[in-house]
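Quick note: to get the numbering used here, add 792 to the position in the sequence shown (first position is 1).
Just so it is clear, CB atoms sit at the ideal spot from N, CA and C, and this is done for glycine as well.
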Amino acid sequence: MGQNAIVIENLDTLLESLDQADLVAEWRVLPTIGPDWIGGGRFIEFYLGEQKLAENQFQKRLCQILIERLNIPEKSPDDREMMVGEGDILLKDRDLVIEFHWYKTVPYMHHHDSGGGACIFLALNAG
């Protein structure tokens with residue numbers, strides 16, 4: 793994806809931006825030690841079109857919503873396994889809905905578990 797980060801400060805600005813570009817979430821949950829890294833953890837990034845969302849309070853809130861909605865673990869439960877996922881966040885039926893897929897794998901091997909689905913990412917008209 794693109795190199796320049798875009799600053800989105802609030803939901804209204806995000807909703808206006810969705811008319812121009814798609815919002816995509818990508819996440820990785822890495823084991824502590826891998827072939828190209830030491831130190832695991834959960835890494836989440838959002839992209840609006842080709843631009844990465846800059847890290848700020850609003851982006852951190854989006855990360856928290858994603859973690860809660862999709863139950864993304866903080867760390868890999870297996871010392872060798874990583875989890876990789878991606879989701880498109882779309883405006884549907886007056887809510888933000890995420891259509892997502894994920895897989896688990898040992899680095900450099902074929903995935904052995906995968907899944908996906910769709911759920912409400914953020915209810916805009918909760919009342």
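Tell me the rounded alpha-carbon separation between residue i and residue j.
i: R834; j: L822; result: 7 Å
i: D870; j: T824; result: 9 Å
i: V799; j: Q843; result: 10 Å
i: I881; j: A813; result: 11 Å
i: N848; j: A817; result: 15 Å
To which residues does DSSP link residue i through a beta bridge?
i: Y839; result: V816, K844
i: I798; result: L845
i: L822; result: G833
Below 8 Å between beta carbons: does that hold for residue i and residue j?
i: L862; j: F838; result: no
i: V889; j: F913; result: yes
Less than 8 Å between the CB atoms is what I'm expecting for residue i and residue j, so what's the real figure, rounded?
i: V876; j: R820; result: 5 Å
i: A915; j: D887; result: 5 Å
Practice prompt. Please specify which runs of the alpha helix (DSSP H), each continuous and at least 4 residues long, are wholly inside the stretch 837 to 914, giving them in chain order.
Written response: 849 to 862
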